[in-house]
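Participant: Got a structure here, written out as structure tokens. Questions coming.
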Amino acid sequence: MVGGFPLKAATVLRDTVECNPTVSRWLLAGPGALTAAVTIIAAMPLWWPPGTAGVDNIVYPLLLTPLIWSVVFIYTCLEENLTRGVLVIGSATIVQGFAAGLALLGVIGGHAP
Amino acid sequence: MKFLSQSQLKRLTAVHGWSGTILGILLYAVVLTGTVAVFGHEIATWSAGGHRVHAPLSGDVDGKVRPVLDSLTKGYLGEISIWDDAQGNLVMFPHAHARNPDTGQMDEYGPIFRIDNQTGDVLSRHDGFAYDRPDWYSASALEEFLVDLHAQLYIPQPWGLIVTGILGLCMMVAALSGLMMHRHMIRDLFVAARPGERLISARDRHILAGTWSLVFAFLLGFTGSFYSFAGTVTFPLLAQVAFGGDQEALIETLYEPKVAENATPTPFADLDAILAKAIDHTPGGVVLIDIARYGRADARVSIWQLPPDRGLGYVHNVFDGATGRFLGSRPIVGNTPSTGSDIYSLVAPLHFGHFAGVLSKSVWVGLGAAMCYVILSGMRLWVRRREGERLWRGFGRAVTVTSYGLPFAMLAAGHGFFLAGAQSGDPFLWTPVGFLIGTTLCIALGLVPIETDRLSRVFRGLLAVGCAALPMLRLYADGMGWLDAAAEGQGAVLSLDLTFLTLAGLLALWTLRAPRWPTGGGARRMTLLATIAAVIASTAVLALLAATDPKRRRAFKLTPRPRDPWTARAMAAGVVLPGILLLAADNGAAFIVWMGAVTVTGWVVAAMTPQRATALYQGATNITQTLRTWRDRKTETAQRLAELEHRVAALEAALAAASKPKTIRKPRPKRSLSRDVADTAAAADV
Numbered sequence: 000m001v002g003g004f005p006l007k008a009a010t011v012l013r014d015t016v017e018c019n020p021t022v023s024r025w026l027l028a029g030p031g032a033l034t035a036a037v038t039i040i041a042a043m044p045l046w047w048p049p050g051t052a053g054v055d056n057i058v059y060p061l062l063l064t065p066l067i068w069s070v071v072f073i074y075t076c077l078e079e080n081l082t083r084g085v086l087v088i089g090s091a092t093i094v095q096g097f098a099a100g101l102a103l104l105g106v107i108g109g110h111a112p
Numbered sequence: 000m001k002f003l004s005q006s007q008l009k010r011l012t013a014v015h016g017w018s019g020t021i022l023g024i025l026l027y028a029v030v031l032t033g034t035v036a037v038f039g040h041e042i043a044t045w046s047a048g049g050h051r052v053h054a055p056l057s058g059d060v061d062g063k064v065r066p067v068l069d070s071l072t073k074g075y076l077g078e079i080s081i082w083d084d085a086q087g088n089l090v091m092f093p094h095a096h097a098r099n100p101d102t103g104q105m106d107e108y109g110p111i112f113r114i115d116n117q118t119g120d121v122l123s124r125h126d127g128f129a130y131d132r133p134d135w136y137s138a139s140a141l142e143e144f145l146v147d148l149h150a151q152l153y154i155p156q157p158w159g160l161i162v163t164g165i166l167g168l169c170m171m172v173a174a175l176s177g178l179m180m181h182r183h184m185i186r187d188l189f190v191a192a193r194p195g196e197r198l199i200s201a202r203d204r205h206i207l208a209g210t211w212s213l214v215f216a217f218l219l220g221f222t223g224s225f226y227s228f229a230g231t232v233t234f235p236l237l238a239q240v241a242f243g244g245d246q247e248a249l250i251e252t253l254y255e256p257k258v259a260e261n262a263t264p265t266p267f268a269d270l271d272a273i274l275a276k277a278i279d280h281t282p283g284g285v286v287l288i289d290i291a292r293y294g295r296a297d298a299r300v301s302i303w304q305l306p307p308d309r310g311l312g313y314v315h316n317v318f319d320g321a322t323g324r325f326l327g328s329r330p331i332v333g334n335t336p337s338t339g340s341d342i343y344s345l346v347a348p349l350h351f352g353h354f355a356g357v358l359s360k361s362v363w364v365g366l367g368a369a370m371c372y373v374i375l376s377g378m379r380l381w382v383r384r385r386e387g388e389r390l391w392r393g394f395g396r397a398v399t400v401t402s403y404g405l406p407f408a409m410l411a412a413g414h415g416f417f418l419a420g421a422q423s424g425d426p427f428l429w430t431p432v433g434f435l436i437g438t439t440l441c442i443a444l445g446l447v448p449i450e451t452d453r454l455s456r457v458f459r460g461l462l463a464v465g466c467a468a469l470p471m472l473r474l475y476a477d478g479m480g481w482l483d484a485a486a487e488g489q490g491a492v493l494s495l496d497l498t499f500l501t502l503a504g505l506l507a508l509w510t511l512r513a514p515r516w517p518t519g520g521g522a523r524r525m526t527l528l529a530t531i532a533a534v535i536a537s538t539a540v541l542a543l544l545a546a547t548d549p550k551r552r553r554a555f556k557l558t559p560r561p562r563d564p565w566t567a568r569a570m571a572a573g574v575v576l577p578g579i580l581l582l583a584a585d586n587g588a589a590f591i592v593w594m595g596a597v598t599v600t601g602w603v604v605a606a607m608t609p610q611r612a613t614a615l616y617q618g619a620t621n622i623t624q625t626l627r628t629w630r631d632r633k634t635e636t637a638q639r640l641a642e643l644e645h646r647v648a649a650l651e652a653a654l655a656a657a658s659k660p661k662t663i664r665k666p667r668p669k670r671s672l673s674r675d676v677a678d679t680a681a682a683a684d685v
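Going down the list, the sequences are from chains A and B.
For the first sequence, position 4 (counting from the first letter as 1) is numbered 3 according to numbering that gives the first Met the number 0, and the numbering increases by one without interruption.
For the second sequence, position 547 (counting from the first letter as 1) is numbered 546 according to numbering that gives the first Met the number 0, and the numbering increases by one without interruption.
Below you can see the structure in the form of structure tokens.
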């Protein structure tokens, strides 16, 4: 059946989240928000424009670290649809974490801005 | 905010309350120590006890540092930092980089010198990882201790910085959640708290103070957590991703000017001439000199200067170290201007508040004090809602002990510092010991089973004594006398001594004053009226200050009007006086409103040109005239109406008397009816 596994996985995720809403929100707002913020900051030098001075892709993640975590955290607190929250934060973490992982291994990105 | 649902509001309230409660005490410690550390430089000058005027890095610097540098091996000449300490002596640190066995990190290693700024004699030399040993380079253990307590709560690196970073995030979240939870923020901005000791009054006071300091709380939390996480987490992480883990390469890219390597030995240029050029180019005082590759053809000199007028960030001027040629002003990060660098350069002034000298620092201290009030009132509010539970009652006691105990322990640290100085002890040991003794005493007092109000009064008394004793101890420890300080232009010595004595007086008044809270609407009106009166009084004096300011009059080409400096000082005191009176009246919320309102009105007064002020005055006069005319007309009409009504009433009375039936007989005067009517009408006419 086409699309069977993703649908089933989404259903399982939704059931798990909806059965334990409090624990899910705590995990999402605590370790979830922290991991998402760290991966976003780590991957920012790869996609943020370096600017005229060639340092913006380093300076902005350095500066915006507190703000990024705060935005992610507040989002996890305010999101009414917890399953959607898990999907948004999870996707952001996976995509950014993958990019940062490749950069750490030297597959993408130069070793200078 | 109105767009939030009930469940979202409930979650935000829980986040706001629990984050503030769990980390509130530590947050209070960080904010209070930070508020004091804003004047860290002045505290250093005040406590260092030097009898020399604190001069910036200028004049004959070359003649003092060159002989020392020429005597060193080349290995230490790659990087040299020169600054001045609180006693006005030069501190020079030529260094290389080596792995620090204590931290496992690459740190600066080399000899650090303290050089007499007048004679050029080397006062001390120590070799090692100098930044680990503040006693090698700092003249004031008290300043070091306060800054360390603020930045990392005296917890070893990197954990202290991580803890304070988390506290910064907590403050940001508390500010953001408070902003979102409050539905009528703008409308309630000037609504005075309901008086009394009820729960709703405590909530009002917390919200009022929180609303006024919201932006500041966010900024402080943001910049504070940036400083905490930048070195410990973000920097290594970004170096790993973008530079393969090479932090030195990242530092060079961000902070060091690009140079074509040339190791040819070349005599170093005249440092005094370079300093003179830097001061000519940028009028701010020099705070740091960095020399790279001393004695080589590719040597560079970085001069860091205080922001000039209207500037916010430090200025970084770069010179060729071989020829002394000015190479230009460099952004704080990168080699060419960028938005990233512009934003980066705002972080320091926004966090430290040092961009406009004592004035901006004073505002930062005031806002920091407001933040302390918000944190404490929030924790007390939380406790009051749960007074029935023993655990929360205990927490409330801990809040009281911390709120008074921390400032007392900081005073005790100062006492330890001065006593060590008087007894030739080590101030870097006795300052933290003094703090520990103060803390222990306060905790012990907190354990004594007396009611909280009484305990608070005891603490206030202790604080008063501690404040009063500090200037005396400073003088006892061979500190600079007031006459010497005035003669040598050491404003910090006089100002801080007077501040402590004033604080002692106010605290003593507060302690002796019987606790009383006004109740009822009348008292609330009084609070509001007192606040408005204080704001009007301060604004009026501010306007007077602006109108008589010589520079302002020159700038706007008005007739010069000489002003006595003492008049200006008296007027400045007049601006502050209403706020002090509000504080003395135990009206914390009104004080905070006054502080915020005066900031705004002061800014408006300063920004208004005399032409605009005249136009405004004309407009106000016209409006007043119109209102007066309208009022006069209204009064005249009312008078005429009253007269007519009176006449009508008299006539009606006369008519009623004339048409009275004659069936009821009763004695009457021997006067005719027509005579009666005529008399009544005459009386009405009169």
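Using N, Cα and C, we set each Cβ at its ideal position, and we do this for glycine too.
#1: Can you list, in chain order, the residues of its chain whose CB lies under 8 Å from that of LEU474/B, leaving out five sequence neighbours each side?
#2: Is it buried or exposed for LEU104/A, if we count other Cβ within 10 angstroms and need 16 for buried?
#3: Run through chain A and tell me which residues come within less than 8 Å of ALA229/B, C-beta to C-beta.
#4: Using the beta-carbon count (16 or more within 10 Å), is SER70/B buried or exposed?
#5: Would you say VAL214/B lies against chain A (beta-carbon separation less than 8 Å)?
#6: Taking only three categories from DSSP, how would you classify TRP47/A?
#7: From the beta carbon of CYS18/A, is the nearest beta carbon of chain B less than 8 Å away?
#8: So who's on the other strand from ARG329/B, going by DSSP bridges?
#9: How about LEU56/B and VAL314/B: do their beta carbons lie closer than 8 Å?
#10: Can you tell me which of the three DSSP states MET91/B falls into?
#11: When the Cβ atoms of the stretch 14-27 of chain A are set against those of the stretch 210-224 of chain B, are three or more pairs found closer than 8 Å?
#12: Is the distance from the Cβ of ALA742/B to the Cβ of PHE417/B below 8 Å?
#13: Could you give the distance in angstroms between the alpha-carbon of GLY519/B and the alpha-carbon of SER537/B?
#14: What is the residue span of the beta strand (DSSP E) that GLU79/A lies within?
#15: Should PRO577/B go down as buried or exposed, given a rule of 16 or more other Cβ atoms within 10 Å for buried?
#16: Taking only three categories from DSSP, how would you classify GLY465/B?
#17: Where in the stretch 270-313 of chain B do unbroken runs of the beta strand (DSSP E), each at least 3 residues long, occur, reported from the N-terminal end onward?
#18: With a cut-off of 8 Å, does the C-beta of GLY115/A fall near any C-beta of chain B?
#19: Going by the DSSP bridge assignment, what does PHE112/B pair with across the sheet?
#20: Do ARG383/B and VAL398/B count as a contact pair if the criterion is CB distance below 8 Å?
#21: Considering only residues of the stretch 340-397 of chain B, which uninterrupted alpha helix (DSSP H) runs meet the minimum length of 4 residues and lie entirely inside it, listed in chain order?
#22: Would you call the stretch 156-168 of chain B in contact with the stretch 59-74 of chain A, where contact means no fewer than 3 C-beta pairs closer than 8 Å?
#23: If you reduce the DSSP assignment to three classes, tell me which class SER80/B lands in.
#24: Out of ILE114/B, VAL14/B and PRO549/B, which has the shortest C-alpha to C-alpha gap to GLY62/B?
#25: Got a sec? Which residues, its chain only, sit under 7 Å from ALA503/B by beta carbon, not counting five neighbours each side?
#26: Taking ILE302/B and LEU274/B to be in contact with their CB atoms under 8 Å, please state how far apart those CB atoms are, rounded to whole angstroms.
#27: Nearest to LEU581/B by CA position, among MET594/B, ALA569/B, ALA571/B and MET570/B, is which residue?
#28: Could you list the residues in the stretch 106-128 of chain B with a C-beta less than 9 Å from some C-beta on chain A, going in chain order?
#29: Is there a Cβ from chain A that is less than 8 Å from the Cβ of GLY320/B?
#30: Please look up how many angstroms separate the CB atoms of THR263/B and ARG295/B, rounded, as I've assumed it's under 8 Å.
#31: Please classify HIS53/B: is it buried, with 16 or more other beta-carbons within 10 angstroms of its beta-carbon, or exposed?
#32: So which residues of chain A does ASN334/B contact, with C-beta pairs closer than 7 Å?
#33: Return the residue from the list GLU386/B, SER18/B and CYS441/B that minimises the CA-CA distance to LEU727/B.
#34: Can you pull the chain A neighbours of PHE221/B, defined as C-beta to C-beta under 7 Å?
#35: Output yes or no for whether 8 Å exceeds the beta carbon distance between ILE81/B and LEU89/B.
#36: What's the call for ASP279/B, buried or exposed, on a 16-neighbour Cβ count within 10 Å?
Facilitator: In short, the structure shows the following:
#1: One-based indexing of the second sequence puts residue 474/B at position 475. Excluding residues within five positions, the ones whose Cβ falls inside 8 Å are GLY480.
#2: Counting from one through the first sequence, the residue named residue 104/A turns up at place 105. Counting C-beta atoms within 10 angstroms of its own C-beta, LEU104/A has fewer than 16 neighbours from the protein chains shown and is therefore classed as exposed.
#3: The residue given as residue 229/B occupies position 230 in the second sequence. By Cβ distance, chain A contributes LEU61 and THR64.
#4: Looking up residue 70/B in the second sequence gives position 71. With a threshold of 16 other beta carbon atoms within 10 Å, SER70/B falls short and is exposed.
#5: For the purposes of this step, residue 214/B is taken as residue 215 along the second sequence, with counting starting at 1. Not one beta carbon of chain A lies nearer than 8 Å to the beta carbon of VAL214/B.
#6: As a working note, residue 47/A is residue 48 in the first sequence. The three-state secondary structure of TRP47/A, taken from DSSP, is coil.
#7: As a position in the first sequence, residue 18/A is number 19, starting the count at 1. By this cut-off, CYS18/A is not an interface position.
#8: Here residue 329/B corresponds to residue number 330 of the second sequence, with the count starting at 1. Residue pairing from DSSP places ARG329/B in a beta bridge opposite HIS315/B.
#9: Stepping through the second sequence from its first residue, residue 56/B is reached at position 57. Stepping through the second sequence from its first residue, residue 314/B is reached at position 315. Between LEU56/B and VAL314/B, the C-beta gap is not smaller than 8 Å, which leaves the two residues out of contact.
#10: Counting from 1 along the second sequence, the entry for residue 91/B is found at position 92. DSSP places MET91/B in strand when its eight states are reduced to three.
#11: Two segments are said to touch when three or more pairs of C-beta atoms, one from each, lie closer than 8 Å; by this definition the stretch 14-27 of chain A does not touch the stretch 210-224 of chain B.
#12: The structure shown does not extend to residue 742/B, since chain B spans only 0 to 685, so no value can be given for it.
#13: Residue numbering aside, residue 519/B sits at position 520 when the second sequence is read from its first letter. Residue numbering aside, residue 537/B sits at position 538 when the second sequence is read from its first letter. Interpretation of GLY519/B is limited by its pLDDT of 43, a score under 50 that renders its predicted location unreliable; the figure taken from the coordinates is listed afterwards. As the crow flies, the alpha-carbon of GLY519/B is around 28 Å from that of SER537/B.
#14: Here residue 79/A refers to the residue found at position 80 of the first sequence. From DSSP, GLU79/A is part of no beta strand (DSSP E); its letter is neither H nor E.
#15: Taking the second sequence and counting its residues from 1, the one referred to as residue 577/B is at position 578. By the neighbour-count rule (16 or more Cβ atoms within 10 Å), PRO577/B is buried.
#16: The residue you call residue 465/B lines up with position 466 of the second sequence. Here DSSP, grouped into helix, strand and coil, assigns GLY465/B to helix.
#17: The stretch 270-313 of chain B contains these whole beta strand (DSSP E) runs: 285-291 and 299-304.
#18: The requested residue 115/A does not occur in the structure, where chain A is confined to residues 0 to 112.
#19: Taking the second sequence and counting its residues from 1, the one referred to as residue 112/B is at position 113. BP columns for PHE112/B point to MET91/B and ARG124/B.
#20: As a first step, residue 398/B must be located in the second sequence, where it is residue number 399. As a first step, residue 383/B must be located in the second sequence, where it is residue number 384. Taking 8 Å as the Cβ cut-off, VAL398/B and ARG383/B do not qualify as a contacting pair.
#21: List check, alpha helix (DSSP H) in window: 356-383.
#22: In the pairwise beta carbon analysis, the stretch 156-168 of chain B is classified as touching the stretch 59-74 of chain A: at least three pairs are separated by under 8 Å.
#23: Residue mapping note: residue 80/B aligns to position 81 of the second sequence, counting from 1. Note: SER80/B maps to strand in three-state DSSP.
#24: Counting from 1 along the second sequence, the entry for residue 62/B is found at position 63. Of the candidates ILE114/B, VAL14/B and PRO549/B, the one whose C-alpha sits nearest the C-alpha of GLY62/B is ILE114/B.
#25: Taking the second sequence and counting its residues from 1, one reaches residue 503/B at position 504. Excluding five sequence positions before and after ALA503/B, the CB atoms of its chain that fall closer than 7 Å to its own CB belong to ALA463, CYS466 and ALA467, given in chain order.
#26: What you label residue 302/B is simply residue 303 of the second sequence in a count that begins at 1. What you label residue 274/B is simply residue 275 of the second sequence in a count that begins at 1. A Cβ-Cβ distance of about 7 Å is found for the pair ILE302/B and LEU274/B, placing them in contact under the 8 Å criterion.
#27: Here residue 581/B is taken as the residue at index 582 of the second sequence, counted from 1. Here the closest residue by C-alpha is MET594/B.
#28: Answer set for the stretch 106-128 of chain B: empty.
#29: Your numbering for residue 320/B matches position 321 in the second sequence. So, not an interface residue.
#30: Numbered from its first residue, the second sequence carries residue 263/B at position 264. Numbered from its first residue, the second sequence carries residue 295/B at position 296. Contact between THR263/B and ARG295/B holds: CB atoms are separated by about 7 Å, below the 8 Å threshold.
#31: One-based indexing of the second sequence puts residue 53/B at position 54. Confidence at HIS53/B is low in this model, with a pLDDT of 48, below 50, so its placement is unreliable and no value can be given for it.
#32: Counting from 1 along the second sequence, the entry for residue 334/B is found at position 335. In chain order: ALA52.
#33: A query on residue 727/B cannot be resolved here, the shown segment of chain B reaching from 0 to 685 and no further.
#34: Taking the first residue of the second sequence as 1, we reach residue 221/B at position 222. Simply PRO65 and LEU66.
#35: Locating residue 81/B in the second sequence gives position 82, where the first residue counts as 1. Locating residue 89/B in the second sequence gives position 90, where the first residue counts as 1. Yes, the Cβ-Cβ distance between ILE81/B and LEU89/B is below 8 Å.
#36: The residue given as residue 279/B occupies position 280 in the second sequence. It counts as exposed.
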